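Here's the structure we're looking at; comments come further down.
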Amino acid sequence: MSQKSFSGLIIGLVVVILAWGSLFVVSERERAVQLRFGEVVKKNIEPGLQVKIPLIDKVRVFDGRLQTLEVPSERFLTLEQKAVIVDSYIKWRIDDVYAFYRATAGDVFRANTLLAQRAESRMRNRFGGLTLNEVVSGQRDQLMSGITRSLDEVAREELGVTVVDVRVKRIDLPPQVSDSVFERMSSEREKEAQEYRSKGQEMAEGIMANADREKRVILAESYREAEMVRGDGDAKAAEVYADAYSKDPEFYAFFRSLQAYRTSFNDTGDIMLLEPKGDFFRYLNDQKAK
Numbered sequence: 087m088s089q090k091s092f093s094g095l096i097i098g099l100v101v102v103i104l105a106w107g108s109l110f111v112v113s114e115r116e117r118a119v120q121l122r123f124g125e126v127v128k129k130n131i132e133p134g135l136q137v138k139i140p141l142i143d144k145v146r147v148f149d150g151r152l153q154t155l156e157v158p159s160e161r162f163l164t165l166e167q168k169a170v171i172v173d174s175y176i177k178w179r180i181d182d183v184y185a186f187y188r189a190t191a192g193d194v195f196r197a198n199t200l201l202a203q204r205a206e207s208r209m210r211n212r213f214g215g216l217t218l219n220e221v222v223s224g225q226r227d228q229l230m231s232g233i234t235r236s237l238d239e240v241a242r243e244e245l246g247v248t249v250v251d252v253r254v255k256r257i258d259l260p261p262q263v264s265d266s267v268f269e270r271m272s273s274e275r276e277k278e279a280q281e282y283r284s285k286g287q288e289m290a291e292g293i294m295a296n297a298d299r300e301k302r303v304i305l306a307e308s309y310r311e312a313e314m315v316r317g318d319g320d321a322k323a324a325e326v327y328a329d330a331y332s333k334d335p336e337f338y339a340f341f342r343s344l345q346a347y348r349t350s351f352n353d354t355g356d357i358m359l360l361e362p363k364g365d366f367f368r369y370l371n372d373q374k375a376k
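Quick note: the sequence shown, position 5, residue 91 per this note's numbering, numbers continuous.
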């Protein structure tokens, strides 16, 4: 191989190497910045094929996917100065890669440290404004949503990252605090149970009173209707008797005497002392006379 051919081969190889070194690819899952002599020349590189100056430019690539930061257990004081021990985690991802690089020099460990510090201060403020009962009750979701919004705002501005979620994994109470919480919760539950029992007794008494009142009303109405029916019957009977008497007084007197005989002699155990010639036996005596 001649000197000229060898030189051409070397030059071609260098060109290929330089061309290869001038190209790089950023995937959809990555975030990148381009540096030249240590200074950022491209802040937020779009995904796809990109060009750089070989041997001069450097590219720092970072994971753009969702990251999880396990926050070490922290001890916080509530509004009543009761201690709680909180285990939590933070979901975050890079939003502005230039701001992220400027704040952390591209060090993810440092980013986690700075984020944990900011989360700790906000959680301390939030827990300090709540009572112990509010911390351990169902308001936890509202509490963590507020912390997430507050931390996301400062993290975007200072660290170039988005805080997607802040969650409490566990809240532990010191033994003395646990005992006091248990006693208070037991007392509250007993109070609620007593209130329910009182309301139930009150409702039962009200139902019984209504039932008695309705019973009295129904009985009174029934008695009134019965008296009305009885009165109508007596009136009709009196009318019948009066009509019979007006038509045949003698027969009416005879019929009434028969009714009296039947009533008087119905029970053989009765003893009656009557004058034989009295009106009661008038029709019997008349019958014998015939």
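Just so you know, even glycine gets a beta-carbon here, dropped at the ideal spot from N, CA and C. As the structure is a computational prediction, the values presented were derived from the model and not from experiment.
| task | Tell me whether the beta-carbon of R208 lies closer than 8 Å to the beta-carbon of S174. | result | At least 8 Å separates the beta-carbon of R208 from that of S174.
| query | What residue from T248, Q287, E132, E281 has the CA that sits closest to L201's CA? | reply | Just measuring C-alpha positions, the residue of T248, Q287, E132, E281 sitting nearest L201 is T248.
| query | Is it buried or exposed for A375, if we count other Cβ within 10 angstroms and need 16 for buried? | reply | Caution is warranted here: a pLDDT of 47 is assigned to A375, below 50, making its placement in the model unreliable, and no coordinate value can be reported.
| said: If you reduce the DSSP assignment to three classes, tell me which class R204 lands in. | reply: In the three-state reduction of the DSSP assignment, R204 falls in the helix class, which pools H, G and I.
| task | Pull up the distance between the alpha-carbon of Y408 and that of Q228, whole angstroms please. | result | Absent from the model: residue 408. The displayed extent of the chain is 87 to 376, so no value can be given.
| How far does the alpha helix (DSSP H) with E244 in it reach, from first residue to last? | Looking at the DSSP string, the run of the alpha helix (DSSP H) that includes E244 is 226-245.
| field | Beta-bridge pairing of S174 - partner residues as DSSP gives them | value | Bridge partners of S174: V157, V254.
| request: Please report how far the alpha carbon of V170 lies from the alpha carbon of V221, in whole angstroms. | output: The alpha-carbon atoms of V170 and V221 are separated by roughly 9 Å.
| field | alpha helix (DSSP H) segment containing V189, residue limits | value | First, the residue type needs correcting, since residue 189 is Ala and not Val in the sequence shown. Start and end: 183-190.
| request: State the DSSP-derived secondary structure class of R379, mapped to helix, strand or coil. | output: Residue 379 falls outside the range modelled here, since the chain spans only 87 to 376, and no answer is possible.
| query | Where do the N-terminal and C-terminal ends of the beta strand (DSSP E) with L121 fall, by residue? | reply | Looking at the DSSP string, the run of the beta strand (DSSP E) that includes L121 is 116-122.
| field | Cβ pair count under 8 Å reaching 3, the stretch 190-201 against the stretch 252-260 | value | Counting Cβ pairs under 8 Å, fewer than three are found: no touch.
| Rounded separation between E274 and A205 - CA only | Straight-line Cα distance between these residues: approximately 33 Å.
| message | If you reduce the DSSP assignment to three classes, tell me which class I304 lands in. | response | I304 falls in the helix class under three-state DSSP.
| Around the Cβ of I176, are there at least 16 other Cβ atoms within 10 angstroms (buried) or fewer (exposed)? | Its Cβ being crowded by 16 or more others within 10 Å, I176 is buried.
| query | To which residues of the same chain is G217 closer than 7 Å at the C-beta, ignoring the five residues directly before and after it? | reply | Note that residue 217 is Thr in the sequence shown here, rather than Gly. Closer than 7 Å at the Cβ level, and outside the excluded window around T217, lie T164, L165, E166.
| query | If you drop the 5 nearest sequence neighbours on each side, which residues of the same chain put their C-beta closer than 8 Å to that of A189? | reply | A197, L200, E244, L245, G246.
| Neighbourhood of S113 by C-beta distance below 7 Å, restricted to the same chain and skipping five residues each side | Taking S113 as the centre and dropping the five residues before and after it, the same chain places the C-beta of P133 closer than 7 Å to its C-beta, in chain order.
| query | For the candidate residues T154, Q203, F162, A321, whose alpha-carbon lies nearest to that of G215? | reply | Between G215 and the set T154, Q203, F162, A321, the nearest pair of CA atoms involves F162.
| request: Consult DSSP for K277 and reduce its assignment to one of helix, strand or coil. | output: Helix at K277.
| field | Nearest residue (CA-CA) to R117, options K144, R151, V127, L135 | value | Ranked by Cα distance from R117, the options K144, R151, V127, L135 are led by R151.
| field | Distance CB(I233)-CB(R210) smaller than 8 Å | value | Taking the C-beta atoms as reference points, R210 is found no nearer than 8 Å to I233.
| beta strand (DSSP E) segment containing E125, residue limits | Residues 125-128.
| In chain order, what residues of the same chain have a beta carbon less than 7 Å from the beta carbon of I142, not counting five sequence neighbours either side? | Only R122 meet the Cβ criterion.
| R302 beta carbon near the ligand ZN (any heavy atom closer than 7 Å) | What this structure holds is no ligand at all, so the ligand ZN is not there to describe.
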